[in-house]
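**Q**
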Amino acid sequence: MDKIGFIKKDIYNLECSVNGKLRNHDVELVTEYFMAEQKKNEAFYFKIEGDGHDRFSRCFWADATSRRAYGFYGDVVVFDTTFNTNRYDLTFAPMLGVNNHGQTIVLACAFLSKETTELFVWMFEEFKKAMPGGEPKTIITDQDAAMAIAISIAFPTTFHRLCIWHITSKFSVKLPRDAYNEYWREFQKAIWDTDNKDEFDAKWNIVVTKAGLTDLSWLSSMFDLRESWVPAYARQFFAAGMSSSQRAEGSHGFFKQYISRRNSLMDFIIRFERALSHQREKELVADHVDAFEVAQCLLPMPMNKQMATLYTRTMFQKYEQELIESTACFLELKTEDGCKVVFNVSERKNCETRVAEVVYVKDSDHASCSCKRFEFVGIICKHILALFRRDQIEYMPEKYILKRWKKTAKCGLVSDANGKEIKDCADPGLLIKRSTMSRLASDVVEDALMSEEGCEVLSETLKSLQVKLKLLKDGPSNNEVGGSSSQTQYMKDPKRVRCKGRSKGVTGAKEKAMKRGIRHCRECGHIGHDRRQCPALNTP
1 MDKIGFIKKD IYNLECSVNG KLRNHDVELV TEYFMAEQKK NEAFYFKIEG
51 DGHDRFSRCF WADATSRRAY GFYGDVVVFD TTFNTNRYDL TFAPMLGVNN
101 HGQTIVLACA FLSKETTELF VWMFEEFKKA MPGGEPKTII TDQDAAMAIA
151 ISIAFPTTFH RLCIWHITSK FSVKLPRDAY NEYWREFQKA IWDTDNKDEF
201 DAKWNIVVTK AGLTDLSWLS SMFDLRESWV PAYARQFFAA GMSSSQRAEG
251 SHGFFKQYIS RRNSLMDFII RFERALSHQR EKELVADHVD AFEVAQCLLP
301 MPMNKQMATL YTRTMFQKYE QELIESTACF LELKTEDGCK VVFNVSERKN
351 CETRVAEVVY VKDSDHASCS CKRFEFVGII CKHILALFRR DQIEYMPEKY
401 ILKRWKKTAK CGLVSDANGK EIKDCADPGL LIKRSTMSRL ASDVVEDALM
451 SEEGCEVLSE TLKSLQVKLK LLKDGPSNNE VGGSSSQTQY MKDPKRVRCK
501 GRSKGVTGAK EKAMKRGIRH CRECGHIGHD RRQCPALNTP
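Residues 1 to 540 (full-length UniProt numbering) are what the sequence shown spells out, left to right.
(1) From threonine 91 to phenylalanine 127, what does the alpha carbon distance come to, in whole angstroms?
(2) Check whether the Cβ atoms of lysine 463 and isoleucine 379 sit closer than 8 Å, and answer yes or no.
(3) Report the rounded CA-to-CA distance for residue 544 versus tyrosine 183, giving the unit in angstroms.
(4) Kindly indicate which three-state DSSP category residue 544 falls into: helix, strand or coil?
(5) Provide the residue span of the beta strand (DSSP E) that contains asparagine 344, from first to last.
(6) Could you tell me which residues DSSP puts in a beta bridge with aspartate 337?
(7) When the Cβ atoms of the stretch 63 to 78 are set against those of the stretch 289 to 309, are three or more pairs found closer than 8 Å?
(8) Would you mind working out which of Gln279, Arg262, Asp215 sits nearest glycine 97, comparing C-alpha positions?
(9) Label threonine 461 either buried or exposed according to how many other C-beta atoms from any shown protein chain fall within 10 Å of its C-beta, with 16 as the threshold for buried.
(10) Give me the residue from Gly133, Ile164, Leu331, Val106 with the minimum Cα distance to asparagine 418.
(11) Going by the CB atoms, is the gap between arginine 390 and leucine 331 shorter than 8 Å?
(12) If we ignore side chains and look at the alpha-carbon of each, how far apart do arginine 532 and alanine 190 end up?
(13) Given that a residue counts as buried once 16 or more other Cβ atoms are within 10 Å of its Cβ, and exposed if not, what is serine 264?
(14) Which residues bound the beta strand (DSSP E) around glycine 97?
(15) What is the DSSP secondary structure of phenylalanine 155, counted as helix, strand or coil?
(16) I'd like the span of the beta strand (DSSP E) that includes glycine 50, first residue to last.
(17) Can you find the residues in the same chain that come closer than 6 Å, C-beta to C-beta, to methionine 147, ignoring five residues on each side of it along the sequence?
(18) Just checking, does the stretch 401 to 419 make contact with the stretch 344 to 360 on the three C-beta pairs under 8 Å criterion?
(19) For the ligand HEM, is there a heavy atom less than 7 Å away from the beta-carbon of asparagine 100?
(20) Alpha helix (DSSP H) containing valine 377: first to last residue?
(21) What whole-angstrom Cβ distance do aspartate 54 and methionine 266 have, given they're in contact under 8 Å?
(22) Where does glutamate 115 sit, in a helix, a strand or coil, going by DSSP?
(23) If you drop the 5 nearest sequence neighbours on each side, which residues of the same chain put their C-beta closer than 6 Å to that of leucine 107?
(24) If you count every other CB in all the chains shown that lies within 10 Å of the CB of leucine 284, and 16 or more means buried, which is it?
(25) Using the three-state DSSP reduction, which class does phenylalanine 200 fall into: helix, strand or coil?
(26) With H, G and I counted as helix, E and B as strand and the rest as coil, what does DSSP make of alanine 417?
(27) Nearest CA to the CA of cysteine 381: which residue from Asp337, Ser326, Cys339?
(28) Using CA coordinates, which residue listed in Glu281, Tyr180, Ala62 is at the minimum distance from serine 169?
(29) Would you mind giving the Cβ-Cβ distance between isoleucine 164 and tryptophan 229, rounded to the nearest angstrom? I have them listed as a contact below 8 Å.
(30) Report all residues from its chain with a CB closer than 6 Å to the CB of tyrosine 400; omit the five preceding and five following residues, and keep chain order.
(31) Flag this pair as yes or no: are the beta carbons of valine 414 and alanine 240 separated by less than 8 Å?
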């Protein structure tokens with residue numbers, strides 16, 4: 001320890017000194033960094049705009065890896081904003097997706113000075129310009145009014161699904177305490193255990209009437225929004241099996257291990273890229289496992305072996321679980337009309353018998369189930385698998401195998417709106433060259449260190465080589481690449497904004513109460529006082 005030439009205070013002082021020198025140059029550094037990235041790979045897309053007074057207001061960026069990923073996995077997007085990521089209190093807004101391993105991936109990012117409809121629309125429009133393949137099929141968010149309006153404007157054909165977790169977590173606050181304790185289980189059954197829309201409506205109305213909550217406006221508003229969050233309504237839209245935005249919450253938690261509210265924008269970008277590389281490394285590891293290994297099958301069936309070679313390990317495990325559960329399903333013929341046959345498929349689960357309806361068209365080998373699992377998750381359900389087993393169909397029909405869940409999901413070209421191929425930043429050939437040159441450089445350095453003369457020769461050679469490489473790097477280039485023009489006039493750094501945080505539509509009374517330290521009165525169950533001040537006890 002005595003040989004260390006600095007202490008923790010010295011590091012802090014150095015950090016303050018560097019930050020002082022970079023003050024008022026933050027946006028300039030970020031712009032130059034984006035331009036450098038764009039020069040390395042013209043598929044890097046970014047846009048920076050000001051507030052009309054030449055001061056930074058918002059920016060959007062997406063690298064080639066993210067843009068290519070959208071070409072393969074852009075059917076579902078999860079969007080949520082987060083705070084406390086930079087010293088200006090700008091809102092960080094990542095757009096996330098799910099890859100073929102079921103892992104969270106970053107599709108694009110933005111910094112916004114405000115959470116307004118105007119800025120959300122701007123961000124979504126930039127997203128559409130950057131991404132190949134058009135609008136996503138589904139976008140999942142929490143309840144934010146500005147966000148909802150912006151999505152309806154920018155993504156008119158996209159199904160906007162509301163996070164079911166944010167809604168159900170508010171029942172304990174919005175409902176009277178006694179009604180919640182007595183009827184919450186019945187609300188849960190109505191929400192989660194119904195596959196039919198009419199059945200949900202009937203169960204919901206019965207519970208509301210029994211609980212005497214027909215005049216509760218919040219429940220009425222949630223019922224009016226049921227098509228956006230209730231599984232019986234929303235499962236017909238593909239969402240990669242997601243019904244909440246908790247994947248975004250988890251992603252925010254992961255990235256916040258690397259960043260803090262003291263970061264400048266440039267600090268944030270560097271730390272964020274480091275975290276992103278760690279996240280992408282996990283995807284590469286999963287790709288490697290799937291490329292050289294085949295998952296072991298628990299059931300020795302031809303269809304199971306077929307799917308083990310096609311699906312990624314994670315998706316195969318989900319499929320195989322459905323296949324195993326299909327062995328406990330029983331089919332009963334309901335109706336038969338020519339080629340169209342309808343079966344009731346029953347299963348015993350948690351001491352209850354649940355029945356799903358499967359419609360099978362013989363001529364086309366097409367089957368659909370009332371549970372809508374294939375439409376929602378993209379993996380065939382146990383009820384249809386039970387039907388296939390009954391009819392001795394040994395191999396999975398191609399129509400039930402989604403490419404996005406296959407090991408080969410990322411095979412193929414991805415082109416932008418101009419028909420230009422988007423090439424990945426992590427070019428395998430480039431990685432091989434880098435590894436080869438790194439080994440060569442390491443060997444040369446080791447040889448040079450054997451003598452003083454060798455060190456001098458290597459030092460002079462490297463300096464000469466550095467000059468030549470700089471000339472190659474700074475050669476003539478096109479200023480308008482990657483969908484975003486290079487910006488030479490830099491904006492001023494943003495002023496610190498007052499962060500709105502979550503809107504009224506997002507923050508529930510329970511969350512507000514926790515922040516203020518307010519609790520339910522243990523005597524009457526109301527908010528705003530405790531047991532010592534309860535009117536019910538103090539009334540003479």
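All residues carry an ideal CB built from backbone N, CA and C; glycine is no exception. Please read all numbers here as calculations on a predicted model, not as lab measurements.
**A** Looking at the atomic coordinates:
(1) Taken atom to atom, the span from the alpha-carbon of threonine 91 to that of phenylalanine 127 is near 17 Å.
(2) no
(3) Past the edges of the chain, shown from 1 to 540, lies residue 544, and the structure says nothing about it.
(4) Since the first residue shown for the chain is 1 and the last is 540, residue 544 is missing from the structure and cannot be characterised.
(5) 340 to 349
(6) Lys340
(7) no
(8) Gln279
(9) exposed
(10) Gly133
(11) yes
(12) Rounded to whole angstroms, arginine 532 to alanine 190 spans 38 Å at the Cα level.
(13) buried
(14) 95 to 98
(15) Note: phenylalanine 155 maps to coil in three-state DSSP.
(16) 45 to 50
(17) Close CB contacts of methionine 147 within its chain, under the 6 Å cut and outside five residues either way in sequence, are with Phe120, Thr141 (chain order).
(18) no
(19) The ligand HEM is absent from the structure shown, which contains no ligand whatsoever.
(20) Residues 373 to 377.
(21) No, aspartate 54 and methionine 266 are not in contact; Cβ-Cβ is about 19 Å, not under 8 Å.
(22) coil
(23) Ser66, Tyr70, Met95, Gly97
(24) exposed
(25) helix
(26) coil
(27) Each of Asp337, Ser326, Cys339 was checked against the Cα of cysteine 381, and the nearest Cα belongs to Ser326.
(28) Ranking Glu281, Tyr180, Ala62 by Cα distance to serine 169 puts Tyr180 first.
(29) 5 Å
(30) In the same chain as tyrosine 400, and ignoring 5 residues on each side of it, the C-beta atoms closer than 6 Å to its own belong to Ile380, in chain order.
(31) no
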